[in-house]
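For the sequence shown, the numbering used here begins at 169 and goes up steadily by one. Ideal Cβ placement from N, Cα and C applies to all residues, glycine included.
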Amino acid sequence: MVGGGQGAYIGNIHRIAARQDGAWQLVAGAFDVDAARGHAFAAREGLDPARSYDNYKAMIEGELSREDRIDAVAICTPNFTHFPISKAFLEAGFDVICEKPLTATLEDAIALEKLVRDGDRFMGVTYTYSGYPMVHEARHMVATGQLGEIRTVQVEYPLEWMATAIETEGNAQAVWRTDPKKNGRGGSIGDIGTHAYHLAGFVSGLKLECLTADLATFVQGRALDDNAHVMLRYQGGARGLLWSSQVALGSSNGVRLRVFGEKASLSWFQEQPNELVHARLGGRTETIKRGADDLSDAAKARTRTPPGHPEGYLEAFANLYAGFAEAIHAKRERREPTDIGRDIPTAYDGLKGVAFVDAVVDSASAPNPFWMTPVAV
């Protein structure tokens, strides 16, 4: 692991998720820009001191010299560091698991995705919400025509945690997220809007053609957007709406997706993740629950506990890690992956997310705000 040391929320999530199925073992790391603090953290994690490194470059050099070198690296650092660290590990022959968004610039995302393809490496990107069983059930229902032709997709991701200028009060997570040099061109749209964009495309199967965006910065003095409204136009004629906000009071982690087709609709809410609401034209509205016997194989492969025992964020994240492990094994063994290793977010999904952010910022800054801006990828 690179980054994700003491006090880093997402690093701990990665470690918990990776350990759930016994497919991964944390054996090496460069956990902090402060090397001494990183070494102290590695000691608390029980790592061999010889495999606790000052920085990622030393880690690459040290691991290449070992017969028991690492198989893959998890990158849990701020956005602007994703590209150089991922590039260095991929070029050294290691597989990579990276936080989203993939990079801070579209140019870097294109280069990184090409490096993955040309080097025949694996790269997973942690779009967490694609790990939920009922999200896969929704994807299956759309793909098998149960909604008919898709007409409208609505997705939102509201939070309240940055409703005040907490970056000026020493909140380390907010400091880099509000810095264009570290977070990239998009604020809320890059940090959480990319999650919403990926979720909408993952379930609907639609490819975004163009968009119109309105970005706002409500907290005075903040350099990046903290609220975004985006109108989406998909290939084939479907329309969509996306809202991301870091200043929505009363919203803890309100990821919500609604897909409307000509025959039926689906609704999924991340704070009630074990239920999928299915409404048919002229028929009854039913609630499909995780653990039901007649769910798709994709949903069953990601179901961990019996019905009535709630599953959530950590289990979804663990499903990603289980999928990454299976995809890597299948690639090495030259076979097709099992269900858990299919339909997982990879470098190309990461590239699409960065292209989305670029198009949103371009649209919001265009002289004519109602012009539909093409999406590059």
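Sheet register partners of residue i (DSSP bridge)
{"i": "N395", "result": "A384, S413"}
{"i": "G292", "result": "I265, T514"}
{"i": "F428", "result": "T320, S433"}
{"i": "T541", "result": "L379"}
{"i": "V195", "result": "BP columns for V195 are empty, so no partner."}
{"i": "Y402", "result": "L376"}
{"i": "V170", "result": "A198, I243"}
{"i": "G408", "result": "V321, L400"}
Cβ-Cβ distance between residue i and residue j below 8 Å
{"i": "E248", "j": "A272", "result": "It should be pointed out that residue 248 corresponds to Phe in this sequence rather than to Glu. Yes. Within cutoff."}
{"i": "V522", "j": "L274", "result": "yes"}
{"i": "R470", "j": "H304", "result": "yes"}
{"i": "I278", "j": "V170", "result": "no"}
{"i": "A306", "j": "I357", "result": "no"}
{"i": "H308", "j": "A467", "result": "yes"}
{"i": "E281", "j": "L519", "result": "yes"}
{"i": "L194", "j": "A186", "result": "yes"}
{"i": "R401", "j": "M540", "result": "yes"}
{"i": "L463", "j": "V445", "result": "no"}
{"i": "V423", "j": "G373", "result": "no"}
{"i": "M302", "j": "P505", "result": "no"}
{"i": "D517", "j": "V293", "result": "yes"}
{"i": "R353", "j": "V525", "result": "yes"}
{"i": "P217", "j": "A211", "result": "yes"}
{"i": "D394", "j": "V371", "result": "no"}
{"i": "V543", "j": "E377", "result": "yes"}
{"i": "F262", "j": "A495", "result": "no"}
{"i": "A260", "j": "I228", "result": "yes"}
Nearest-angstrom Cβ-Cβ length linking residue i and residue j, presumed shorter than 8 Å
{"i": "A146", "j": "P348", "result": "The displayed coordinates of the chain run from 169 to 545. Any statement about residue 146 would go beyond what the structure contains."}
{"i": "I265", "j": "A240", "result": "6 Å"}
{"i": "M399", "j": "T380", "result": "5 Å"}
{"i": "E317", "j": "S419", "result": "Incorrect: roughly 32 Å between the Cβ atoms, too far for contact."}
{"i": "L417", "j": "A532", "result": "The pair is not a contact, with the Cβ atoms about 23 Å apart (cut-off 8 Å)."}
{"i": "G224", "j": "I253", "result": "Residue 224 is actually Tyr in this sequence, not Gly. At roughly 5 Å, the Cβ-Cβ gap stays under 8 Å, so Y224 and I253 are in contact."}
{"i": "E479", "j": "R458", "result": "7 Å"}
{"i": "A515", "j": "L270", "result": "7 Å"}
{"i": "V321", "j": "A406", "result": "7 Å"}
{"i": "A198", "j": "Y221", "result": "4 Å"}
{"i": "T346", "j": "G355", "result": "7 Å"}
{"i": "G361", "j": "L410", "result": "7 Å"}
Do three or more CB pairs link the stretch 506 to 515 to the stretch 479 to 495 at distances below 8 Å? Enough Cβ pairs lie closer than 8 Å, so yes.
Under 8 Å, with one C-beta from each stretch per pair, do the stretch 285 to 300 and the stretch 365 to 372 reach the 3-pair mark? Under the Cβ criterion (8 Å, minimum of three pairs), the stretch 285 to 300 counts as touching the stretch 365 to 372.
Using a Cβ distance threshold of 8 Å, determine whether the stretch 322 to 335 contacts the stretch 476 to 484, with at least three qualifying pairs required. Too few Cβ pairs lie closer than 8 Å, so no.
My parser needs the beta strand (DSSP E) runs of 3 or more residues fully inside the stretch 311 to 342; what are they? Qualifying beta strand (DSSP E) stretches, in chain order: 318 to 326.
Hey, which unbroken runs of the alpha helix (DSSP H) at 4 residues or more fall wholly within the stretch 198 to 257? Here the runs fully enclosed are 203 to 212, 224 to 232.
Alpha helix (DSSP H) runs contained entirely in the stretch 438 to 488, provided each spans 4 or more residues: Runs found: 465 to 469.
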